[in-house]
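Chemist:
2 protein chains.
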Amino acid sequence: MTSSSLQPLAIGIDIGGTGTKFGIVDRSGNILFAGSISTRGHNEVDSFIDELYKSLYPLIQKAGGPGRIVGIGSGAPNGNFYTKTIEYAPNLPWKGIIPMGKLLENKFNLPVVLTNDANAAAIGEMMYGAAQGMKDFITITLGTGVGSGIVANGHLIYGHDGFAGELGHTIVIPNGRFHEGTEKYGSLESYASATGVRLTTLEMLEKSKEESLLRNIPPAQLDSKKVYEAAMKGDRLAKEIYEFTGKILGLALANFVMFSSPEAIILFGGLTKAGDLILKPTRENMEANLIKIFQNKIRILISHLKEADAAILGASALVWDMNMQEYSSPLKV
Amino acid sequence: MTSSSLQPLAIGIDIGGTGTKFGIVDRSGNILFAGSISTRGHNEVDSFIDELYKSLYPLIQKAGGPGRIVGIGSGAPNGNFYTKTIEYAPNLPWKGIIPMGKLLENKFNLPVVLTNDANAAAIGEMMYGAAQGMKDFITITLGTGVGSGIVANGHLIYGHDGFAGELGHTIVIPNGRFHEGTEKYGSLESYASATGVRLTTLEMLEKSKEESLLRNIPPAQLDSKKVYEAAMKGDRLAKEIYEFTGKILGLALANFVMFSSPEAIILFGGLTKAGDLILKPTRENMEANLIKIFQNKIRILISHLKEADAAILGASALVWDMNMQEYSSPLKV
Chain A
145 MTSSSLQPLA IGIDIGGTGT KFGIVDRSGN ILFAGSISTR GHNEVDSFID ELYKSLYPLI
205 QKAGGPGRIV GIGSGAPNGN FYTKTIEYAP NLPWKGIIPM GKLLENKFNL PVVLTNDANA
265 AAIGEMMYGA AQGMKDFITI TLGTGVGSGI VANGHLIYGH DGFAGELGHT IVIPNGRFHE
325 GTEKYGSLES YASATGVRLT TLEMLEKSKE ESLLRNIPPA QLDSKKVYEA AMKGDRLAKE
385 IYEFTGKILG LALANFVMFS SPEAIILFGG LTKAGDLILK PTRENMEANL IKIFQNKIRI
445 LISHLKEADA AILGASALVW DMNMQEYSSP LKV
Chain B
145 MTSSSLQPLA IGIDIGGTGT KFGIVDRSGN ILFAGSISTR GHNEVDSFID ELYKSLYPLI
205 QKAGGPGRIV GIGSGAPNGN FYTKTIEYAP NLPWKGIIPM GKLLENKFNL PVVLTNDANA
265 AAIGEMMYGA AQGMKDFITI TLGTGVGSGI VANGHLIYGH DGFAGELGHT IVIPNGRFHE
325 GTEKYGSLES YASATGVRLT TLEMLEKSKE ESLLRNIPPA QLDSKKVYEA AMKGDRLAKE
385 IYEFTGKILG LALANFVMFS SPEAIILFGG LTKAGDLILK PTRENMEANL IKIFQNKIRI
445 LISHLKEADA AILGASALVW DMNMQEYSSP LKV
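Chains A and B are the protein sequences, given in the same order.
Just so you know, this note's numbering puts 311 at position 167 of the first sequence, and the rest follows in order with no gaps.
Just so you know, this note's numbering puts 204 at position 60 of the second sequence, and the rest follows in order with no gaps.
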């Protein structure tokens, strides 16, 4: 055995609405073994845990056995750090409050940390991604929805109940667009998500007289991917859709900056693929709404973690973070 | 000497635009000696420091000499925790960047902590006020302007540059009311401050045909105190002004809650005197804009610290907080 093979390892599990990915990761962020199972295929959480064990345990043995594993870090929608439960996650097959942490601990006989997927991503960025060395930053996922993780003074903000960081649900346009999931009006997510971009497209096609490639697509098939493709072909209306979306995102970011004054805001998710088409209006409208002491200071970065790996790395990083918090004091003294 | 008189003491200094208050405080929050000098009377910061020393040093001697003082805590507008400087404070007589921490340290030969006045108030609330025992809360001052301090996981959020927590400048109504100081549109401060209430009053008097006691007052003399007095006499328009202000405040609070999920939001400053006239619409519109996981959980409290004492207590509490952060690790191990 080489000395590097004796390093402690962590397991990262990213529980998503469709699939669940997992990996065994070393401290440097190398994914040594990885796999995935279906989430959607399991109506009962017990059968999900059983299949996870069957797929993951052989990897643990390949990695040197459970003795080398420091713990399991898990990210899941609506995951609560304090209670290690998943609470009322609309996109998962299991309803109500699921004691996921306890279930994993009992099955694997390893310590488990659980948080929501966006928080896991933030820790992943801090340890292996664009936020390395930063103590104050915010990560925002612009995907089907808008997720976020906030780090201040080197630690995730969990809030008194473990639910802090729901920035996608902050209201940007009072009495603005209706959000079907939350029944609120004008939230960031209702505009700056894939779903939001689709709705903006339908609205703009109706209001504007402008020629557009998007007019050739049946409304039911219009999605943010089609808008991206049209924009890449130079379609003006598609570019205006990004402009509009970026402006709203920029306004929201200005408010986030005036809350926690982060060194950087790190964006990831599908919408960031449009690059400057969305980033330019985002930056400009953020700066326009910031008071002077914050202007020209805050970087907006795109995550450079591989998307498939980011989730696993983020979840595994929770384990190192857990151990830092518990064991760091004696080292410091 | 009794044993209690051997307790360590801290000095709290609250530097305001008009006057500067100071006190010598014990760990239980008793102000043993107190005094004040004019801020406005000193165009040069050196002469300010000289007068402060002349007034404060005799109190230090009465309290048992500098040996009993652990440090000086100071709150000031635009005070920066990291650099101990006051930067471009529009309401102070000294322009540019003032090395206030250094000046105080040199003059008094004691360690100095400095932060902005709203952060000092937040620590004061945590140690002696409505936030005792809380680890996650936000304090908001509704005064001439809107100040704020954010505590997450037991610590103030300073941000990467020491300027976090400018919640008064977050945009609530995009393209809304112009703020002369910041030149931004639609910030919380432009509505939910004494200045904002005055502007709302002028707007409503013009738009509405309703009879009101406020119509008897020359516009130049209309201020938030007059609105309060009219509301107390049952004036309907005055009540509508609070209703409008409360709604905007409530919307802003909902966004703050979805950021850091505090256990409570603690309000102080002149506008809170209107009690339920402003608090009821604030609570209702906060709840209406919160997603379900946050509803009916967050308390809105009014600070019960005496206003004259709160500033001194808050500033002195910075000293205990400084010492907790520096010396707590060995005790924990």
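Idealized CB from N, CA, C, for every residue including glycine.
Roughly how many angstroms separate the alpha carbons of Y405(B) and L286(A), rounded to a whole number?
Modeler: In the second sequence, the residue the question calls residue 405(B) occupies position 261. In the first sequence, the residue the question calls residue 286(A) occupies position 142. Per the sequence presented here, residue 405(B) reads as Ser, with Tyr not at that position. If I take the Cα positions, the gap works out to 21 Å.
Chemist: Is it a yes or a no for the region 373 to 386 of chain B touching the region 394 to 409 of chain B, going by three-plus beta-carbon pairs under 8 Å?
Modeler: The region 373 to 386 of chain B vs the region 394 to 409 of chain B: no contact.
Chemist: Just to confirm before moving on: does the CB-CB distance between F403(B) and F281(A) stay below 8 Å?
Modeler: Position 259 of the second sequence holds residue 403(B). Position 137 of the first sequence holds residue 281(A). Result no, Cβ atoms of F403(B) and F281(A) do not sit closer than 8 Å.
Chemist: Helix, strand or coil for T314(A), going by three-state DSSP, please let me know.
Modeler: As a first step, residue 314(A) is located in the first sequence; it is residue number 170 there, counting from the start. It is coil, neither helix nor strand.
Chemist: List the whole-angstrom C-beta distance separating H315(B) from L395(A), where the pair is believed to meet the contact cut-off of C-beta under 8 Å.
Modeler: Residue mapping note: residue 315(B) aligns to position 171 of the second sequence, counting from 1. Residue mapping note: residue 395(A) aligns to position 251 of the first sequence, counting from 1. Checking the sequence, you will find Ile at residue 315(B) rather than His. With 8 Å as the limit, I315(B) and L395(A) qualify as a contact, their Cβ atoms being about 6 Å apart.
Chemist: Please confirm whether H313(A) has its beta-carbon closer than 8 Å to some beta-carbon of chain B.
Modeler: Translated into positions along the first sequence, residue 313(A) becomes position 169. H313(A) counts as touching chain B.
Chemist: If you draw a straight line from the alpha carbon of M376(B) to that of E347(A), how long is it in whole angstroms?
Modeler: Reading the second sequence from its first residue, position 232 is the one you call residue 376(B). Reading the first sequence from its first residue, position 203 is the one you call residue 347(A). Between M376(B) and E347(A), the C-alpha separation is close to 47 Å.
Chemist: Since A265(B) and A455(B) are thought to touch, with beta carbons under 8 Å apart, how far apart are those beta carbons, to the nearest angstrom?
Modeler: For the purposes of this step, residue 265(B) is identified with residue 121 of the second sequence, where counting begins at 1. For the purposes of this step, residue 455(B) is identified with residue 311 of the second sequence, where counting begins at 1. Indeed, because the Cβ distance is near 7 Å, the residues count as touching under 8 Å.
Chemist: Whose C-beta lies closer than 7 Å to the C-beta of K370(B) among residues of the same chain, with five residues either side of it excluded?
Modeler: Here residue 370(B) corresponds to residue number 226 of the second sequence, with the count starting at 1. Hits under 7 Å: L358 and I361.
Chemist: Give the single residue among G291(B), K441(B), A338(B) and G211(B) whose Cα lies nearest to the Cα of L254(B).
Modeler: For this step, residue 254(B) is matched to residue 110 along the second sequence. The shortest Cα separation from L254(B) among G291(B), K441(B), A338(B) and G211(B) belongs to G211(B).
Chemist: In three-state terms, what does DSSP make of E327(A)?
Modeler: Residue 327(A) sits at position 183 when you count from the first residue of the first sequence. Residue state, collapsed to three classes: coil.
Chemist: Exposed or buried, what is A364(B) when buried is set at 16 or more other beta-carbons lying within 10 Å of its beta-carbon?
Modeler: For the purposes of this step, residue 364(B) is identified with residue 220 of the second sequence, where counting begins at 1. It is exposed - the Cβ of A364(B) has fewer than 16 other Cβ atoms within 10 Å.
Chemist: Is the shortest distance between the beta-carbon of S404(A) and the beta-carbons of chain B less than 8 Å?
Modeler: Reading the first sequence from its first residue, position 260 is the one you call residue 404(A). Interface residue, yes.
Chemist: Can you pull the DSSP bridge partners for K165(B)?
Modeler: Translated into the one-based positions of the second sequence, residue 165(B) becomes position 21. D158(B) and S180(B), per the DSSP bridge assignment.
Chemist: Reducing DSSP to helix, strand and coil, say where L119(A) ends up.
Modeler: Only positions 145 to 477 of chain A appear in the structure, and residue 119(A) is not among them; the question remains open.
Chemist: Listing by chain order, which chain B residues have their CB less than 7 Å from the CB of D280(A)?
Modeler: What you label residue 280(A) is simply residue 136 of the first sequence in a count that begins at 1. Those within 7 Å of D280(A) in chain B are G303 and H304.
Chemist: Measure the Cβ-Cβ separation of G173(B) and M278(B) and say whether it is below 8 Å.
Modeler: Working through the second sequence from its first residue, we reach residue 173(B) at position 29. Working through the second sequence from its first residue, we reach residue 278(B) at position 134. No, these two residues do not count as a Cβ contact at 8 Å.
Chemist: To the nearest angstrom, how far is the alpha carbon of H313(A) from that of Q205(A)?
Modeler: Position 169 of the first sequence, counted from the start, is the residue given in the question as residue 313(A). Position 61 of the first sequence, counted from the start, is the residue given in the question as residue 205(A). Those two C-alpha atoms are separated by around 42 Å.
Chemist: Counting contacts by CB-CB distance shorter than 8 Å, is A275(A) in contact with chain B?
Modeler: Within the first sequence, residue 275(A) is the residue found at index 131, counting from 1. By this cut-off, A275(A) is not an interface position.
Chemist: Beta carbons nearer than 9 Å to chain A: which residues of the region 342 to 357 of chain B have them?
Modeler: Listed by position along the chain: nothing, the set is empty.
Chemist: Among I435(B), L415(B) and K436(B), which residue has its Cα nearest to the Cα of T426(B)?
Modeler: Residue numbering aside, residue 426(B) sits at position 282 when the second sequence is read from its first letter. Here the closest residue by C-alpha is L415(B).
Chemist: Cβ atoms of G289(A) and E324(A): under 8 Å apart, would you say?
Modeler: As a working note, residue 324(A) is residue 180 in the first sequence. As a working note, residue 289(A) is residue 145 in the first sequence. The answer is no: Cβ separation not under 8 Å.
Chemist: Using DSSP's beta-bridge definition, name the partner residues of A296(A).
Modeler: By 1-based counting over the first sequence, the position of residue 296(A) is 152. A296(A) is bridged to H299(A).
Chemist: Does DSSP put A233(A) in a helix, in a strand, or in coil?
Modeler: On the first sequence, position 89 is the one that residue 233(A) refers to. Reduced to three states, the DSSP call for A233(A) is coil.
Chemist: Roughly how many whole angstroms lie between the Cα atoms of V295(B) and S356(A)?
Modeler: For the purposes of this step, residue 295(B) is taken as the residue at position 151 of the second sequence. For the purposes of this step, residue 356(A) is taken as the residue at position 212 of the first sequence. V295(B) and S356(A): Cα-Cα distance of roughly 49 Å.
Chemist: Name the one or two DSSP bridge partners that G217(A) has.
Modeler: Here the question's residue 217(A) lines up with position 73 in the first sequence. DSSP, once it has assigned bridges, lists G156(A) and V257(A) as partnering G217(A).
Chemist: Given a limit of 9 Å on CB to CB distance, which residues of the region 409 to 431 of chain B reach chain A?
Modeler: Within the region 409 to 431 of chain B, no residue has a Cβ that lies closer than 9 Å to any Cβ of chain A.
Chemist: Any beta carbon from chain A within less than 8 Å of I437(B)'s own beta carbon?
Modeler: Working through the second sequence from its first residue, we reach residue 437(B) at position 293. Chain A, which has a Cβ nearer than 8 Å to the Cβ of I437(B), makes this yes.
Chemist: Work out the CA separation of F400(A) and L311(B) for me, nearest whole Å.
Modeler: Here residue 311(B) refers to the residue found at position 167 of the second sequence. Here residue 400(A) refers to the residue found at position 256 of the first sequence. Their Cα atoms are separated by approximately 9 Å.
Chemist: Please confirm whether H448(B) has its beta-carbon closer than 8 Å to some beta-carbon of chain A.
Modeler: As a first step, residue 448(B) is located in the second sequence; it is residue number 304 there, counting from the start. Taking Cβ atoms only, chain A never reaches closer than 8 Å to H448(B), which makes this a no.
Chemist: Do D328(B) and I155(A) have their C-beta atoms within less than 8 Å of each other?
Modeler: As a working mapping, residue 328(B) is identified with position 184 in the second sequence. As a working mapping, residue 155(A) is identified with position 11 in the first sequence. Just to set this straight, residue 328(B) is Lys in the shown sequence, not Asp. Not closer than 8 Å, so no.
Chemist: Tell me F412(A)'s beta-bridge partners as DSSP assigns them.
Modeler: By 1-based counting over the first sequence, the position of residue 412(A) is 268. Note: F412(A) sits in a beta bridge opposite T285(A).
Chemist: Give a yes or no on whether the minimum CB-CB distance between K239(A) and chain B is below 8 Å.
Modeler: Here residue 239(A) is taken as the residue at index 95 of the first sequence, counted from 1. Not one chain B Cβ lies under 8 Å of K239(A).
Chemist: For E407(A), return the contacting residues in chain B, with the cut-off set at a CB-CB distance below 7 Å.
Modeler: Counted from its first residue, the first sequence places residue 407(A) at position 263. Ordered by position in chain B, the residues that pass the 7 Å Cβ test against E407(A) are H304.
Chemist: Span of the alpha helix (DSSP H) holding R321(A)?
Modeler: Here residue 321(A) refers to the residue found at position 177 when the first sequence is read from its first residue. Looking at the DSSP string, R321(A) is not in any alpha helix (DSSP H), and its letter there is neither H nor E.
Chemist: I242(A) to E231(A), Cα distance in whole Å?
Modeler: One-based indexing of the first sequence puts residue 242(A) at position 98. One-based indexing of the first sequence puts residue 231(A) at position 87. Their backbone Cα atoms lie some 6 Å apart in a straight line.
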